[in-house]
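Numbering that gives the first Met the number 0 puts the sequence shown at residues 0 to 142.
Just so you know, even glycine gets a beta-carbon here, dropped at the ideal spot from N, CA and C.
Below you'll find the structure, written out as structure tokens, and then a few comments.
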Amino acid sequence: MEKTFLMVKPDGVQRNVVGEIVARFEKKGFQLVGAKLMSIPRELAEEHYGEHKERPFFGELVDFITSGPVFAMVWQGENVIATARQMMGTTNPKDAAPGTIRGDFGLTVGKNIIHGSDSPASAEREIGIFFKEEELAEYTKLI
Ligand code: CMP
0 MEKTFLMVKP DGVQRNVVGE IVARFEKKGF QLVGAKLMSI PRELAEEHYG EHKERPFFGE
60 LVDFITSGPV FAMVWQGENV IATARQMMGT TNPKDAAPGT IRGDFGLTVG KNIIHGSDSP
120 ASAEREIGIF FKEEELAEYT KLI
């Protein structure tokens with residue numbers, strides 16, 4: 000079953016939209032297999048955003064993601080990586096369509112409410128950075 004890593008960023012947690020974001024993915028039909036509210040240590044943030052290391056906004060990005068608690072999640076379901084990104088909307092909330100998470104809740108590219116893995120390789124890497132195997136639930140068939 001395909002899995003993805005999603006994270007409500009500090010702006011989303013502080014604006015109390017965690018529940019609404021979780022509800023959107025639940026209602027879509029995806030299954031939550033891991034979740035935790037956590038403060039990200041700086042080294043972990045630098046590892047997570049390693050591909051952006053050379054970007055001018057890297058320092059700002061790491062400062063922001065470590066500025067308050069985030070809600071880290073693993074979700075599973077068919078095509079969850081691409082579908083979750085559609086549900087999130089474009090990276091810059093100013094271009095994100097209404098009805099998407101960033102379109103409805105975000106204003107600026109730096110504070111864009113949510114992060115989601117962009118490929119199967121990123122999903123595997125990011126899940127491994129944030130979660131231990133034993134923190135992920137296994138669903139058995141309901142009887
Ligand atoms: P995310 O999907 O978490 O992945 C990388 C993040 O970099 C992205 O969301 C944005 O929040 C952030 N980002 C992209 N461009 C800029 C920018 N120009 N200034 C600050 N942050 C940015």
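{"query": "Cβ contact (3+ pairs, closer than 8 Å) linking the region 29-48 and the region 62-73", "result": "yes"}
{"query": "Heavy atom of the ligand CMP within 7 Å of residue 109 beta-carbon", "result": "yes"}
{"query": "Neighbour flag for residue 91 against chain C, beta carbons, 8 Å", "result": "No chain C is part of this structure, which consists of one protein chain only."}
{"query": "Nearest candidate by alpha-carbon position, reference residue 122, set 36, 17, 48", "result": "48"}
{"query": "Near the ligand CMP: residue 138 beta-carbon under 7 Å from a heavy atom", "result": "no"}
{"query": "Cβ distance (whole Å) where residue 80 is taken to contact residue 100 below 8 Å", "result": "Contact flag wrong, Cβ pair sits at about 15 Å."}
{"query": "Sub-8 Å separation of residue 74 and residue 30 beta-carbons", "result": "yes"}
{"query": "Environment of residue 118 [buried if 16+ CB atoms lie within 10 Å]", "result": "exposed"}
{"query": "Buried versus exposed call for residue 107 [16 or more other C-beta atoms within 10 Å across all chains shown]", "result": "exposed"}
{"query": "Beta-carbon spacing of residue 11, residue 130 below 8 Å", "result": "no"}
{"query": "Cβ pair residue 128, residue 46 closer than 8 Å", "result": "yes"}
{"query": "Enclosing beta strand (DSSP E) for residue 99 [first to last residue]", "result": "Where residue 99 is concerned, there is no enclosing beta strand (DSSP E), given that its DSSP letter is neither H nor E."}
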